[in-house]
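Residues in the sequence shown are numbered from 1 upward in steps of one, following the UniProt record's numbering.
Heads up, the beta-carbon is just placed ideally off N, CA and C, and yes, glycines get one too.
Keep in mind it's a predicted model, so treat the numbers as computed, not measured.
Take a look at the structure set out below.
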Amino acid sequence: MGKVYYVSKHVGLGLLVLAVTALVTIIALSIAYDKERAKNQDTLGDGAADGTTPVPTPFTPKEPWDRYRLPVSLVPVSYNVTLWPRLKPGADGMYFFTGKSAVVVRCVKETDLLIIHSNKLNLTSFNGHHAVLTGLGQATAPAIQNSWLVVKTEFLVIQLRSRLSVGASYVLYTEFKGELADDLEGFYRSEYTEDGVRKVVATSQMQATYARKTFPCFDEPAMKAVFNVTIIHDQDTVALSNGMEIGTADSVIDGVSVRVTTFEPTERMSTYLLAFIVSDFVNIKSTQNKNLLIRIWARRKAIDSRQGDYALNVTGPILQFYEQYFNATYPLSKSDQIALPDFNAGAMENWGLVTYRETALLFDPIMSSTGNKETITTVVSHELAHMWFGNLVTLQWWNDLWLNEGFASYVEYLGADYAEPTWSIKDKIILSDVHKVFAVDALASSHPLSRREEEVNTPAQISEMFNTISYSKGAAVLRMLSEFLTEPVFTKGISSYLNTFAFGNTVYTDLWDHLQQAVENTPGMHIPHTVHDIMNRWTLQMGFPVVTIDTRTGSITQKHFLLDPDSVLDRPSQFNYTWFVPIKWMKTGVEQQQHWLLQETDSHIPMRVSGEDWVLANTNVAGYFRVNYDLDNWHRLLSLLNTNHQALSIINRAQIIDDAFNLARAKIINTTLALTTTKYLSKERDYIPWESALRNLDYYILMFDRTEVYGALQLYLKKQIQPLFEHFKTITANWTKVPTGHTDQYNQNNAIGIACSMGVQGCGELIKSWYRQWMENPHHNPIHPNLKSTVYCSAIAFGGVEEWDFAWRMFKNATLASEASRLRSGMACTKAPWLLNRYLEYTLDPTKIRKQDATSTIHYIARNIVGMPLAWNFVRARWSYLFKQYGGRSFSFSGLINGITKRLSTEFELQELMKFKEDNLHVGFGSATMALEQAIEKTTANIKWVAENKAHVLKWFNDESK
Ligand SMILES: *[C@@H]1O[C@H](CO)[C@@H](O)[C@H](O)[C@H]1NC(C)=O
Ligand SMILES: *[C@@H]1O[C@H](CO)[C@@H](O)[C@H](O)[C@H]1NC(C)=O
Ligand SMILES: *[C@@H]1O[C@H](CO)[C@@H](O)[C@H](O)[C@H]1NC(C)=O
Ligand SMILES: *[C@@H]1O[C@H](CO)[C@@H](O)[C@H](O)[C@H]1NC(C)=O
Ligand SMILES: [Zn+2]
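Below is the structure:
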């Protein structure tokens, strides 16, 4: 699925106390997730399980219609589908659509059963049956004996009087009516208000299993067919679908004046990639790519205010990039991309008609920030990559989803880099995917990328495949593969795979085979095992190794990295948790030949160094593993950072920090060694290393911000951030200009946000004066969009009720969703307990805070040190009320529990947590049951960690802040 994201959720989840302010923007902007991934975030928290259920025990249902998979006796060839959505409710108040479909099927195995997907559709009866079957050409169709619907497996079953013959083709005709609900599934309705007028759009989301809710179809990715689509709609609307519109005619049907739009037949494609949209949107277009029409569709107001321009500008270049990268022309005659208001479900790579949430496609030159722009570029790049990888060539079944999504999540950086070459966007994969998924994949509860086909059957099991492991680990291991094969060999294999299987389906080993051929056809290319054997280690077993290099001896060892060394592994691995590890490395600044670690331990004499020489492994963070060294080498690297940090690449600086902090969490190295990696930051100006450090220091802040350690930590960070603050003051000519560097615009937020919360002189005054100017003239906000989140939070933290109430008024008047969400999180930054309590009360009043925003608002409040105990009391006191009121999906209980318990780290707090559990057993915890168990476990671990580390962490900060 495409990238989609619940901005508000991310803000709550990723928010650092430290960079409270900065992170809002960064997270809101830079991280794009798909729908399922966002859902899983709730339980992920600091790294809980990935929401994947255990492998089901196989059983064989008696009847073919009790199985979830289609029988193999019939294959669809093509469909005629006509749909007529009603954008006004019927007499009973229900929105609905009607339609008819004729599907040509070929019989490939004798059968007297015809099974096709159909879900929640009311089928018209013909002679008492749900469909009409006729023969095509010479074939005569047997009569229908009986037909019925199976709700559980979502099938329409037609029992025939005699058998269909192999090789013959038949036409199955149905007419149906379905609800045009606002459920974001299948053909659905999306509502929004423009200039006070409520408007309705009919749109669709088929992935993974919702095409069957739109018309009866063979709804599996391998059941590719040609679709001839016709849409009937109001005359003042426009209809879109995958193919180009080839005809429109006005007519009167059932006494209603309508327009009938027909579309060119699609290419052979999967049902999950279909799209049907009826709206009054308009477009801008370009023909800069030869023979290809590129259009961006959105609300008229958005198009008129040029919000589609940026997406249109980057689409052409990105498509050109992929044509070259894949060595295959864009497979369709047009490329439509459409921004849907209130499209929480996300972006979706429908072939030729990609759907987006507005913030992922529309760039407002005045209101949008650099981060918004980056989101648009990377999401568009992700979706367009799927036009080939996923749409042209499609995986046979959902168990291989990781390959589809991992691939798009990797190459999206390449496409975006081509469109915006000055951004260094490729480095970003380290923060947004590699580090992020390391956190999940380092747990004993992780799971392998690859699943067997038999393990994934039901829609719920399919839905679970859309998780962080599939997207981010998929991206990381494919990037590693491209790195060790080299890009020319990798793309040669990809291109041969795409051209061989165009319009068809594959399994993941087909890709390995084509890459292997590319290796064999490249003179001088050598890898120690086949692509297949190397990659199996990374896809069939979960986790990743920590590679330890002893530069005194040149010995190298690998070990499965577990964040909690005491955790119990109950998932055996056929490879005993060893990997074939490609190690790129450098010695004292000079790149060396890649070394393959093929056993648990080996010796690579060139890595033995002494004196001033140092070894850095995993250069360019090309591999999916962590690195540890002997202490001498650690110290040489640390001293290099302090004297000449630019000798190492930006992402390796970030990696050293992230490795060190995680090795310390896993008790492999000392906490103080990890902290020492942050000492050079006073000289660091780049965003990615700073961001890496801040994300890691966040845990220290959470554990210690209510203890004496915090004072020392604050002094230390103040010392470290001061030069960065001054740097930005200089390069922005005393805060009057926007930094030119793309990531500098993010790091400016870190500089201001942290400087203000650590008490750097001049910071508070600066922020207050900006905010004051805005309060004096509410119609003119002088704060640059890049800095708004940071400034709102700091100004409200420094201010009182006046600042808060002003923010509230601006929040209620905000017309842009992203602006409202910045203000909503900013208001949680106040230090006044009564304001926080009042804000908490507001979350229970849907006229003040929308239901879907209630959890994240409480979560923001809990991130604030003053707000934490208030939020905890609030939730405890009202648990049964909250549970009754918001028991459904709109209230994410697991996210809430995660958020409010993050800081708990004392014995007393653990007791309170247990008591909360006991007291509410009769109410229950619903979807938060697991989160509560994890909170208890994490609190226990926190107590232990604090006990073991507090004294020397305090001493370290004291020593270093002098
Ligand atoms: C759809 O159109 C194609 C091309 O015109 C045609 O070959 C095919 O038979 C049509 N499908 C149906 C179900 O009629
Ligand atoms: C599909 O629609 C076309 C055009 O209306 C028509 O000629 C053809 O017969 C239809 N196919 C079937 C199988 O009904
Ligand atoms: C389908 O039929 C059921 C049962 O008669 C009815 O309750 C439902 O509203 C119908 N759905 C539509 C979309 O008309
Ligand atoms: C789109 O490209 C045009 C032409 O290069 C340029 O003038 C315009 O500023 C760009 N628009 C955006 C929003 O980047
Ligand atoms: Zn995708």
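*Out of PHE798, ARG850 and ALA795, point me to the one whose CA is closest to LYS812's CA.*
ARG850
*Assuming ILE469 and ASP441 form a contact by the criterion Cβ under 8 Å, report the distance between their Cβ atoms to the nearest whole angstrom.*
7 Å
*Listed in chain order, which residues are found with a beta carbon closer than 5 Å to a heavy atom of ligand 4?*
ASP309, TYR310 and ASN313
*Is any heavy atom of ligand 3 found at a distance shorter than 7 Å from the C-beta of ASN122?*
yes
*Is the beta carbon of SER265 within less than 7 Å of some heavy atom of ligand 1?*
Checking the displayed sequence, the identity of residue 265 turns out to be Pro instead of Ser. The answer is yes for PRO265.
*Please state if the CB of ILE752 and the CB of PHE798 are separated by a distance shorter than 8 Å.*
no
_VAL104: CB within 7 Å of a non-hydrogen atom of ligand 2_ = yes
*Alpha-carbon to alpha-carbon, ARG824 and GLY47*: Any reading at GLY47 needs caution, since the residue's pLDDT is 29, under 50, leaving its predicted position unreliable; the model's value is listed next. Straight-line Cα distance between these residues: approximately 26 Å.
*Can you give me the start and stop residues for the alpha helix (DSSP H) that TYR471 sits inside?*
Taken as a continuous stretch (DSSP letters only), TYR471 belongs to no alpha helix (DSSP H), as it is neither H nor E.
*Is SER692 near PRO723, with beta carbons less than 8 Å apart?*
no
*Can you find a heavy atom of ligand 2 that lies under 7 Å from the Cβ of VAL278?*
no
*Assuming PRO265 and PHE215 make a contact with CB atoms under 8 Å, what is their CB distance in whole Å?*
Actually they do not touch by this definition, with Cβ atoms about 16 Å apart.
*asked:* For ligand 1, is there any heavy atom lying closer than 7 Å to the beta carbon of SER78?
replied: yes
*Starting from LEU74, follow the beta strand (DSSP E) in both directions and report where the run begins and ends.*
74–85
*asked:* Distance check for VAL866 and GLU803, CA to CA, integer angstroms please.
replied: 18 Å
*DSSP beta-bridge partners for ASN628?*
THR548
*If you draw a straight line from the alpha carbon of ASP853 to that of GLN592, how long is it in whole angstroms?*
52 Å
*Of all the beta strand (DSSP E) runs that stay within the bounds of the region 582–627, which reach a length of 3 or more residues?*
585–587, 595–597, 601–603 and 615–617
*What do you get for TYR79, buried or exposed, if any count of 16 or more other CB atoms within 10 angstroms of its CB means buried?*
buried
*Which of helix, strand or coil does DSSP assign to LYS768?*
helix
*With a cut-off of 8 Å, do at least 3 Cβ pairs link the region 120–128 to the region 72–87?*
no
_In DSSP terms, what SER169 is bridged to_ = ARG106
*Spatial distance of VAL760 from MET775 (CA atoms)*: 24 Å
_For the beta strand (DSSP E) containing TYR356, name the first residue and the last one._
353–357
_Does the region 905–916 come into contact with the region 929–943, if we say contact requires no fewer than three beta-carbon pairs (one atom in each stretch) closer than 8 Å?_
yes
*What residues in its chain sit with their C-beta under 6 Å from that of ALA666, if we drop five residues either side in the sequence?*
LEU563 and PRO565
*For ligand 3, any of its heavy atoms closer than 7 Å to the Cβ of GLU937?*
no
_ASN734 - DSSP class collapsed to helix/strand/coil_ = coil
_Any 3 or more C-beta pairs closer than 8 Å across the region 260–277 and the region 238–252_ = yes
_Alpha carbon of ALA622 to alpha carbon of GLY406, nearest angstrom_ = 16 Å
*Taking all protein chains shown into account, decide if ALA225 is buried (16 or more other Cβ within 10 angstroms of its Cβ) or exposed.*
buried
_Helix, strand or coil, according to DSSP, for ILE651 in the structure here?_
helix
_Buried or exposed (CB count within 10 angstroms, at least 16 for buried), ALA249_ = exposed
*Distance, VAL437 Cα to ASP550 Cα*: 27 Å
*Quick one: does LEU481 have its CB under 8 Å from some CB of chain B?*
The structure shown contains no chain B; it holds only a single protein chain.
*Sorted by chain position, which residues of the same chain lie with C-beta nearer than 8 Å to ASN958's C-beta, five sequence neighbours on each side aside?*
ALA712
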